[in-house]
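Residue numbers (full-length UniProt numbering): 1 to 680.
Note that beta-carbon positions come from the ideal geometry of N, C-alpha and C, so glycine has one too.
Here the structure is laid out as structure tokens; the discussion comes afterwards.
So, in structure tokens, the structure goes:
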């Protein structure tokens with residue numbers, strides 16, 4: 001068998017100069033043409049200078065600025081990027097899980113990882129992009145452990161921007177400070193700084209998860225990777241269902257850095273028109289049909305425009321752990337001539353359900369069983385599809401091909417192909433024919449039921465209503481809102497740091513949704529729910545008053561999906577929930593209600609979810625469409641503050657906030673001095 005060969009990304013000095021400077025700037029200028037058409041000429045002079053300086057001073061200290069999400073950090077420095085040889089991660093090797101060799105009976109241990117964050121030039125689909133990656137490769141490495149293990153990650157930030165790492169879906173029980181949500185429960189990791197995360201994985205948590213940067217739009221630039229938590233309990237229940245397993249990363253892809261789209265997206269009168277992706281990727285790869293009239297000075301490497309090749313042995317059953325790591329789009333996942341049997345969703349093991357098409361929203365994960373017993377086509381080669389749902393986009397991208405593809409090759413045919421990527425393979429497989437959904441919505445939740453007994457409490461203590469919508473129209477700034485509030489960071493540090501260290505600054509209400517009270521900050525529109533009762537059962541009614549769908553994610557918890565519907569929610573519907581508790585005739589021990597950490601709520605619909613507030617900390621609840629979170633569609637649950645105020649916080653964690661506070665305060669004074677002196 002031929003060893004995998006990787007195409008080397010080799011650029012001349014002139015090409016690197018073009019990519020790192022001219023290309024980004026010119027593409028950004030083209031995207032801003034519409035914005036410029038609305039922009040009036042400005043006067044320059046003393047008044048404009050003073051207004052700008054005053055506004056900047058407020059921006060730096062308090063987060064009152066033109067963007068609603070995290071600010072452009074004062075720690076950012078000039079970006080230095082390098083073209084990297086072997087920048088493609090060998091996912092056929094790295095993401096293949098040899099479950100026969102994994103020790104599920106191992107004693108709890110520390111799983112240690114060393115990550116260096118850098119900026120590189122890479123071309124996932126042939127178009128060269130400035131990306132932020134781990135250890136010089138894209139996508140990121142697999143993190144693997146048993147339930148009850150400890151994960152220890154040493155992070156060295158050698159990139160131009162601050163960073164943070166959030167392990168999506170993990171509980172961080174009594175370790176909220178390692179959740180990695182910048183400005184909420186962690187401060188930035190500045191460039192040229194190191195930080196170590198060391199947290200215990202809950203003994204009752206297993207399944208498929210992922211990690212990503214939680215700093216501004218950095219996740220759209222390559223800082224993503226998979227997490228698999230093994231469990232003896234799960235493998236004993238599923239061991240006869242599959243022979244091998246593999247992680248499959250799917251998602252959208254942008255040819256410019258995410259930060260380059262923000263000015264236009266958040267601009268007045270944009271009407272929440274999100275930037276449309278340029279492509280989709282499977283295992284970090286795809287082809288791109290480079291048009292002659294594409295953005296000027298874009299570098300395209302034909303030899304890097306490749307599709308991933310999955311090498312499967314025939315007559316085997318594969319568990320594919322499919323993760324949508326995209327920044328925006330939901331998608332339909334299919335494999336020609338093969339059915340998909342769902343056995344897990346967002347880390348919850350479920351009763352098997354067989355489907356032809358798997359609808360998966362941003363940040364969601366599913367495990368599906370694929371049986372490689374199809375021999376009704378000539379070459380035993382099939383298309384794998386990750387079709388971006390174009391109905392979720394505000395406008396069309398004329399260069400986007402919505403159907404990202406990879407090859408599924410039965411290993412008996414492998415002699416025809418060299419390497420793990422190809423642009424030349426062909427297949428005669430039959431694509432599953434179905435009518436594309438004209439709405440953005442996930443798989444029907446009523447199909448999924450937990451395999452293991454974990455029912456929700458029958459009654460709730462508090463009900464929190466969240467009305468989600470966008471503040472648009474009449475030339476308003478494009479901002480996401482929960483209950484008429486838009487999230488802004490609590491600078492100069494983080495919410496957890498402020499509340500834990502300054503207990504008098506936040507008004508507490510037992511289980512009630514209240515605005516965050518900030519006596520030293522001239523705004524009070526951050527929305528925070530404070531829960532002081534240990535084990536309180538919280539019902540969250542999510543009203544999506546927007547025309548678009550939103551995948552909502554709660555940090556630190558899984559919630560039970562109690563009910564979804566359209567129109568107005570009436571409390572009489574609770575009687576229907578009571579009936580569901582008895583609807584377990586053929587569901588054995590698992591119960592009726594699905595439990596997960598990310599749920600898609602379609603436009604003009606609602607979802608009622610329930611969780612038990614037993615995990616102290618400040619936990620974000622937000623839309624996982626990256627653009628929407630940057631627009632401020634985020635609120636916070638402040639759970640059991642009297643408990644986390646007693647914690648001994650890691651020294652490095654405190655140092656990050658001390659550094660951030662000192663730097664913001666210093667710059668604030670510098671800006672204040674400049675305001676006093678006036679222009680030269």
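At 3 residues or longer, and completely inside the segment 366-391: list those beta strand (DSSP E) runs for me, N to C.
Whole beta strand (DSSP E) segments, 3+ residues: 381-388.
In chain order, what residues of the same chain lie with their CB nearer than 8 Å to the CB of residue 460, ignoring the 5 residues before and after it?
As a first step, residue 460 must be located in the chain shown, where it is residue number 460. 537, 538, 539 and 610, listed in sequence order.
Rounded to whole angstroms, what's the CA-CA distance from residue 174 to residue 388? Just pull it up for me.
Position 174 of the chain shown holds residue 174. Position 388 of the chain shown holds residue 388. As the crow flies, the alpha-carbon of residue 174 is around 38 Å from that of residue 388.
Thinking C-beta only, is residue 353 closer than 8 Å to residue 447?
For the purposes of this step, residue 447 is identified with residue 447 of the chain shown, where counting begins at 1. For the purposes of this step, residue 353 is identified with residue 353 of the chain shown, where counting begins at 1. Residue 447 is a Cβ neighbour of residue 353, given a cutoff of 8 Å.
Sheet register partners of residue 245 (DSSP bridge)
In the chain shown, the residue the question calls residue 245 occupies position 245. For residue 245, which the question treats as bridged, DSSP gives the partners 97 and 319.
How many angstroms separate the CA atom of residue 606 from the CA atom of residue 570?
Taking the first residue of the chain shown as position 1, residue 606 is located at position 606. Taking the first residue of the chain shown as position 1, residue 570 is located at position 570. Rounded to whole angstroms, residue 606 and residue 570 show a C-alpha spacing of 11 Å.
Strictly under 8 Å for the Cβ-Cβ distance: is residue 154 near chain D by that measure?
Among the chains in the structure shown there is no chain D, since it carries only a single protein chain.
Got a sec, what are the start and stop residues for the alpha helix (DSSP H) residue 739 sits in?
Given that the chain is displayed from residue 1 to residue 680, the structure contains no residue 739 and the question cannot be resolved.
So what does residue 596 bridge to, in DSSP terms?
The residue labelled residue 596 in the question sits at position 596 within the chain shown. 559.
Spatial neighbours of residue 310 within its chain, please: C-beta separation below 7 Å, excluding the five flanking residues on both sides.
By one-based count along the chain shown, residue 310 stands at place 310. Only 384, 406, 407, 408 and 409 meet the Cβ criterion.
Quick one: Cα of residue 100 to Cα of residue 535, how far?
For the purposes of this step, residue 100 is taken as residue 100 along the chain shown, with counting starting at 1. For the purposes of this step, residue 535 is taken as residue 535 along the chain shown, with counting starting at 1. Residue 100 and residue 535: Cα-Cα distance of roughly 39 Å.
Report the three-state DSSP secondary structure of residue 352 (helix, strand or coil).
Mapped onto the chain shown, residue 352 falls at position 352. In the structure shown, residue 352 sits in a strand (DSSP, three-state: E or B).
For residue 360, tell me which candidate among 490, 382 and 251 has the shortest Cα-Cα distance.
The residue labelled residue 360 in the question sits at position 360 within the chain shown. Closest option to residue 360, Cα to Cα, is 251.
Is it the case that the Cβ atoms of residue 202 and residue 147 are separated by a distance below 8 Å?
Here the question's residue 202 lines up with position 202 in the chain shown. Here the question's residue 147 lines up with position 147 in the chain shown. Cβ distance < 8 Å, so residue 202 and residue 147 count as in contact.
Specify the secondary structure class of residue 566 as computed by DSSP and reduced to three states.
Taking the first residue of the chain shown as position 1, residue 566 is located at position 566. Collapsing the DSSP output to three states places residue 566 in a strand.
With DSSP as the reference, please indicate the residues paired to residue 358 in a beta bridge.
The sequence position of residue 358 within the chain shown is 358, counting from 1. In the DSSP secondary-structure assignment, residue 358 is bridged to 333.
Alpha helix (DSSP H) segments (min. 4 residues) lying fully within the segment 258-314:
The segment 258-314 contains these whole alpha helix (DSSP H) runs: 262-265.
Could you work out which residue in 219, 120 and 308 is closest to residue 90 when comparing CA atoms only?
Translated into positions along the chain shown, residue 90 becomes position 90. When only C-alpha atoms are compared, the closest one is 308.
Give the straight-line distance between the Cα atoms of residue 176 and residue 617, rounded to the nearest whole angstrom.
If you number the chain shown from 1, residue 176 lands on position 176. If you number the chain shown from 1, residue 617 lands on position 617. Approximately 5 Å, taken between the alpha carbons.
Which residues bound the beta strand (DSSP E) around residue 462?
Start at 1 with the first residue of the chain shown, and residue 462 comes out as number 462. In the DSSP assignment, residue 462 falls within the unbroken beta strand (DSSP E) covering 462-471.
In three-state DSSP terms, what is residue 511?
Numbered from 1 along the chain shown, position 511 holds the residue referred to as residue 511. Residue placement at residue 511 is flagged as unreliable, the pLDDT there being 38, under the threshold of 50; a coordinate-derived value is accordingly withheld.
Excluding the 5 residues flanking residue 285 on each side, which residues of the same chain have their C-beta closer than 8 Å to its C-beta?
Along the chain shown, read from residue 1 onward, the residue named residue 285 stands at position 285. In the same chain as residue 285, and ignoring 5 residues on each side of it, the C-beta atoms closer than 8 Å to its own belong to 88, 124, 125, 306, 307, 308, 406 and 421, in chain order.
Can you name the residues that DSSP bridges to residue 125?
In the chain shown, residue 125 corresponds to position 125, counting from 1. DSSP, once it has assigned bridges, lists no residue as partnering residue 125.
Just to confirm before moving on: does the CB-CB distance between residue 117 and residue 182 stay below 8 Å?
As a first step, residue 117 is located in the chain shown; it is residue number 117 there, counting from the start. As a first step, residue 182 is located in the chain shown; it is residue number 182 there, counting from the start. Going by beta carbons, residue 117 and residue 182 fall outside the 8 Å limit.
Cβ shell of residue 233 (< 7 Å), same chain only, five flanking positions each side left out:
Counted from its first residue, the chain shown places residue 233 at position 233. So the list is empty, once near-sequence residues are dropped.
Beta carbon of residue 225 nearer than 8 Å to that of residue 120:
The residue you call residue 225 lines up with position 225 of the chain shown. The residue you call residue 120 lines up with position 120 of the chain shown. It is not a contact, given that the beta carbons lie outside the stated cut-off.
Residue 137 to residue 356 span [Cα, whole Å]:
Working through the chain shown from its first residue, we reach residue 137 at position 137. Working through the chain shown from its first residue, we reach residue 356 at position 356. Rounded to whole angstroms, residue 137 and residue 356 show a C-alpha spacing of 33 Å.
Residue 629 bridges to which residues according to DSSP?
On the chain shown, position 629 is the one that residue 629 refers to. Residue pairing from DSSP leaves residue 629 without any beta-bridge partner.
Could you spell out the range, first to last residue, of the alpha helix (DSSP H) harbouring residue 575?
Here residue 575 is taken as the residue at index 575 of the chain shown, counted from 1. Element bounds for residue 575: 574-580.
Between which two residues does the alpha helix (DSSP H) harbouring residue 530 extend?
Mapped onto the chain shown, residue 530 falls at position 530. From DSSP, residue 530 is part of no alpha helix (DSSP H) but of the beta strand (DSSP E) over 527-531.
Could you check which residue in 591, 573 and 572 has the C-alpha nearest to that of residue 581?
Numbered from its first residue, the chain shown carries residue 581 at position 581. The residue with the shortest Cα to Cα distance from residue 581 is 591.
Given a cut-off of 8 Å on the beta-carbon distance, is the pair residue 230 and residue 104 in contact?
Position 230 of the chain shown holds residue 230. Position 104 of the chain shown holds residue 104. Yes, these two residues count as a Cβ contact at 8 Å.
How about the segment 289-297 and the segment 264-271: do they share at least three Cβ pairs that are nearer than 8 Å?
Verdict: no, contact absent.
Just curious, the alpha helix (DSSP H) that residue 211 is in, first and last residue?
Reading the chain shown from its first residue, position 211 is the one you call residue 211. Unbroken run through residue 211 is the beta strand (DSSP E), 207-213; no alpha helix (DSSP H).
Please return the same chain residues whose Cβ sits closer than 8 Å to the Cβ of residue 435, not counting the five positions on each side in sequence.
Taking the first residue of the chain shown as 1, we reach residue 435 at position 435. Bear in mind that a pLDDT of 47 at residue 435, under 50, signals an unreliable position, so the number given afterwards is only what the model happens to contain. Hits under 8 Å: none found.
For residue 449, report the span of its alpha helix (DSSP H) as first-last.
Locating residue 449 in the chain shown gives position 449, counting from the first residue. No residue range can be given for residue 449, since it is assigned to no alpha helix (DSSP H) and is classified by DSSP as neither H nor E.
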